[in-house]
Structures are given as structure tokens and as C-alpha cells.
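Structure record follows, encoded as C-alpha cells.
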Amino acid sequence: MEEKAQIEIPRVTLGSQGLEALKQLPREKIQLATKFGLVKLEGGRYGQQGVRGSPEYARKCCEASLKRLEVDYIDLYYPHRIDVTVPIEDTMGELKKLVEEGKIKYIGLSEASVDTIRRAHAVHPITAVQMEYSLWARDIEDEIVPVCRELGIGIVAYSPLGRGFFAGKAVLEPLPPESVLSMFPRFSGENFEKNKNLYKKLASLAEKHACTTPQLALAWLLHQGGDIVPIPGTTKVRNLDNNIGSLAIKLSEDDLKEICDAVPIDEVVGARQIAALSHLAWNFANTPSRNN
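So the sequence shown is residues 1 to 292, counted in the UniProt record's numbering.
Have a look at this one:
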């Protein structure tokens with residue numbers, strides 16, 4: 001569901017109450033996005049997942065989602081990650097058919113390479129590309145952002161608060177023992193102790209701007225362009241309200257530079273992904289040629 005002023009409410013787990021709530025709203029007022037293709041490997045731990053992007057699987061998942069959500073169409077449909085064993089033209093060809101059949105309205109990609117984005121867009125216009133983007137994850141700025149702007153594709157920024165880091169997660173209070181965040185290199189051991197300094201510097205700037213630290217992190221991202229749509233996840237209404245408050249923060253070019261200088265990329269310690277997921281990152285997401 002999308003908020004028109006550039007903040008998107010992320011996906012939620014819809015139980016019976018969630019489905020009933022959806023039914024109470026006019027369908028045309030809801031922007032419903034969902035994904036397919038990420039499959040848990042048998043016996044696998046967290047992060048040990050495979051990807052399926054075959055035309056048959058794309059259709060099967062879409063039709064299952066329509067039934068589960070009790071809707072006639074999905075507004076924005078993404079492959080969760082890129083299946084590097086299937087030519088992207090094959091996956092896109094089936095998604096294009098689903099558009100023509102009225103089962104989905106728009107097609108997105110997630111963690112896609114530049115080549116994959118271009119080839120997919122040539123089959124059918126891509127509406128949005130979902131990528132990790134935050135103050136401590138800016139690797140898409142050199143290649144992905146330019147190609148998306150060239151092609152008129154929006155960027156949906158997931159983990160805009162650095163998996164909760166810039167909201168103070170694990171900084172202000174210890175992580176629960178069962179938290180999966182402890183598996184991420186930036187949240188573990190000496191890496192995390194060094195990264196805490198970045199949070200402290202941003203928190204100091206937030207005081208200067210009379211806002212919270214997560215609000216400043218989101219405001220910085222919102223100022224990167226009108227085509228950037230952050231999706232900060234939350235399970236608490238107070239945090240949702242706090243996130244929405246970032247829309248009111250105005251930053252000058254000097255402010256933006258000061259924020260970047262407070263969180264230098266070369267001072268961020270640790271990889272952004274856990275090792276088991278690193279092969280699914282955008283820079284490895286090239287698919288075979290259809291002629292192979």
C-alpha cells in the first residue's frame with residue numbers, strides 16, 4: 001500500500017483480520033504489491049534460499065496470491081530475486097501475459113543488475129526496482145540509479161533504516177538472542193562496536209534538526225529524488241507515525257553533505273548481507289542469454 005508523498009507502507013502478513021480490513025476499503029484506493037520466487041531450501045537455515053523464476057512458477061505464484069488475498073488483480077508484482085538460471089526475457093514474457101490478462105497491473109524487479117533491468121524493460125516496461133538503499137548502503141548510486149532514471153523506473157528502497165540500525169536497534173538496547181540481525185556482519189562483534197559511532201554522529205545531527213535519528217535518515221533518502229520510495233518496516237503505530245514525520249523535514253544541500261559526511265561509506269564495517277544471501281545481490285543478478 002503506497003502513500004502518495006513518497007513513503008510506502010511495507011508488506012504486512014495478512015491474517016483473517018487483515019483480509020477483512022482490505023475488504024472495507026475501495027479496491028482502487030489500495031496499491032497492493034507482492035513478490036514471488038524466493039524458496040526455502042529443504043532443511044535450510046535462515047538465508048539458505050533458492051530462487052525460481054520460470055514462467056510456470058511465476059504464473060502459479062501469481063494465481064495463488066490472487067486467491068489468498070481474495071483480489072482480482074495485484075497492482076505491482078515482483079520477482080523477489082533474480083533467477084540466474086532463467087533468461088529474464090522468459091520470466092518477463094509470462095509477467096507480460098499476466099498484465100494482458102488483467103491479473104497484475106505493473107511489473108517490478110528486486111535486486112536486479114543493470115543488464116537485467118535493461119533486458120527486462122525491453123520486454124515490458126518496468127515500473128519499479130526494489131533495492132537496498134540507505135545511508136550505509138549506497139552502492140546502487142553509481143549504476144542502478146542512473147539506469148533507472150534513464151528508463152523512467154522508480155526505485156523502492158528497502159531497509160532504508162539499515163535494518164533498524166538508524167532507528168537505534170541494538171544500539172539503544174541489546175538484540176534479543178534469537179534476532180536474525182546478529183547474523184549480519186554489520187551487527188556482529190567488533191564491526192558493530194565500530195558502526196555504533198556512525199549512529200552516534202547521526203543522532204547528534206538529528207538533535208540539530210529537532211527530529212529523531214530515524215526521521216533524519218529517512219529524510220536524507222527522500223531528498224535523493226522524487227523517484228525514491230522508502231519502505232521502512234514497522235510493527236508499531238508510534239514508529240509508523242515517526243517515519244511519516246520525516247516527510248516534513250527540509251534539508252539543504254549543505255545539510256545533505258553534512259549527513260553524508262557523518263556516515264562515510266568507507267567507515268561502515270561489514271558486508272550488508274549475510275554470507276548465505278550474498279549471491280542474490282544485484283551485482284550477481286545477470287541471467288543467461290535467451291540464445292544460450
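We treat Cβ as the ideally placed atom computed from N, Cα and C, and that holds for glycine. Note that the structure is predicted; figures quoted are calculated from it, not measured.
- Put simply, of ALA203, ILE140 and LEU151 the residue whose alpha carbon is nearest the alpha carbon of VAL171 is ALA203.
- The C-beta distance from VAL71 to LEU32 rounds to 7 Å, short enough to fall under 8 Å.
- Straight through space, the alpha carbons of LEU38 and GLN49 are spaced by roughly 7 Å.
- Here ASP254 is exposed. Its C-beta has fewer than 16 other C-beta atoms within 10 Å.
- Along the length of the segment 38-94, whole alpha helix (DSSP H) runs at least 4 residues long occupy 55-69, reported in chain order.
- Listed in chain order, the beta strand (DSSP E) elements of length 3 or more contained wholly in the segment 137-164 are 154-158.
- Ranked by Cα distance from GLU150, the first of ALA281, LEU98, PRO87 and ILE126 is ILE126.
- In this structure, the straight-line span from the alpha carbon of LYS60 to that of THR91 is close to 12 Å.
- A check of alpha carbon separations from CYS148 across GLU20, LYS67, LYS194 and ALA112 identifies ALA112 as the nearest.
- Residue state for GLY108 is assigned as strand, using DSSP reduced to three classes.
- The beta carbon of TYR106 sits closer than 7 Å to those of ASP75, LEU76 and THR127, all from its chain and outside the five residues before and after it, given in chain order.
- In summary, SER289 is exposed, with fewer than 16 beta-carbon neighbours lying within 10 Å of its beta-carbon over all protein chains present.
- The C-beta distance from LEU216 to ILE259 rounds to 7 Å, short enough to meet the 8 Å contact threshold.
- Restricting attention to THR287, ASN283 and ASN291, the CA atom closest to the CA of ILE144 is found in ASN283.
- For a cut-off of 8 Å, the C-beta gap from ILE153 to CYS211 is around 30 Å, too long to register as a contact.
- Sixteen is the threshold: when 16 or more other Cβ atoms of the shown chains lie within 10 Å of the Cβ of ILE140, as they do, the residue is buried.
- In the assembly as shown, ALA275 is an exposed residue. Its beta-carbon has fewer than 16 other beta-carbons within 10 Å.
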